[in-house]
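Mapping the sequence shown onto the numbering used here, position 14 (from 1) lands on -2, and the numbers just tick up by one. The structure appears below as structure tokens.
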Amino acid sequence: MKSSSLAPATVSEHDGVRYLHLDTPWVQGAMRIARPREIELEYVRRMMACLLLRPSDALGRGHAVQLGLGAAAITRFCHGVLRIRTTAVELNPTVIDACRLWFRLPDDSAKLQVLQMDAADFVADPSRRGSVDMLCVDLYDHEAASPVLDSAGFYAACHALLADSGVMAVNLFGCNAGFDTSTERIAKAFGPDRVRRMRATKEGNTIVLALKSDTIADRTVLAARAENIETRFGLPAGKWLRMLQSLPASTTSASDPSAA
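Dropping the structure here:
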């Protein structure tokens, strides 16, 4: 898709919250104006549950990448709160402009880069393989009917993009989304034992987490990590831990007709 054919970003405000849209009423992102570093939307906060899959001493280092900028909530959090090197990839130039004007997105620097390009091209670049420690995937167009990139090949490229101990969070949403099929494609790329799914939000967002190569820690270790995340960053990590679900057998064993 050419950037010139994309819907323009628009902005609204209500009750102290600024919202990003793509020329429709669908909310593509949000920021509480008085607290811009906090993550306003529930599903976006849940994407940060991928921090549970990383050792506590690794949270303040590495390279975080967001595919899909939205209202820059994850980008602001990774850059301003976690204070790690952060890259955001966004195809729509009007979204980048809106985030810089209205959503407190800082200018590029040594630790922050916003790339106006197709996420498929970013993950396919062989020079970037093994370079990312935390990958957040939230790719939707103005219709928000299903993920823009959701193929077996795309998730395989995401797996290759990650460092050996890297983690990924994917937002699945939309009336046309096949959540089990999408989760199965992720499981094929990462291995079902290294994938967890969270309960859906009331709005219908399902977050899937994946770990590249390590074994997901046991519940005792995850609980200690959750306590650390809550203490350091004020995120509801204990609640996230209770939401984590292993993949059902029907999801991990069903065939994916698009994977051939």
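Cβ coordinates follow ideal geometry from the N, Cα and C atoms, glycine included.
Taking each of Arg203, Arg209 and Met31 in turn and checking the Cα distance to Ala194, the smallest one comes out for Met31.
In the three-state DSSP reduction, Leu35 falls in the helix class (H, G or I). In the structure shown, Glu22 falls within a coil segment according to DSSP collapsed to helix, strand and coil. Assigned with DSSP and collapsed to three states, Arg88 falls in coil, not helix or strand. Put simply, of Leu119, Gly114 and Ala72 the residue whose alpha carbon is nearest the alpha carbon of Asp91 is Ala72. In the DSSP assignment, Gly114 falls outside any alpha helix (DSSP H) and carries neither an H nor an E. Contact between Leu145 and Arg113 holds: CB atoms are separated by about 6 angstroms, below the 8 angstroms threshold.
Ranked by Cα distance from Pro77, the options Ser(-11), Lys186 and Leu231 are led by Ser(-11). The residues Thr71, in chain order, have a CB closer than 7 angstroms to that of Gln97 in the same chain once the five nearest residues on each side in sequence are set aside. For Val73, no alpha helix (DSSP H) segment is defined; the enclosing uninterrupted segment is the beta strand (DSSP E) at Arg69 to Val73.
Excluding the 5 residues flanking it on each side, Thr190 has same chain C-beta neighbours closer than 6 angstroms at Leu156, Phe163 and Ala184, in chain order. For the 8 angstroms CB-CB criterion, Cys62 and Ala153 do not form a contact.
The C-beta distance from Phe174 to Lys196 rounds to 7 angstroms, short enough to fall under 8 angstroms. Residue environment: Ile17 is assigned as exposed (fewer than 16 neighbouring CB atoms within 10 Å of its CB, all protein chains considered). In the DSSP assignment, Thr215 forms no beta bridge with any residue.
If you draw a straight line from the Cα of Gly222 to the Cα of Glu187, it is about 21 angstroms long.
Nearest to Leu123 by C-alpha distance, out of Thr59, Leu206, Asp7 and Gln12, is Gln12.
Look at the stretch 140 to 183 and you find these whole runs of alpha helix (DSSP H), each 4 residues long or longer: 163 to 174.
For Ala201, the secondary structure class from DSSP, reduced to helix, strand or coil, is coil.
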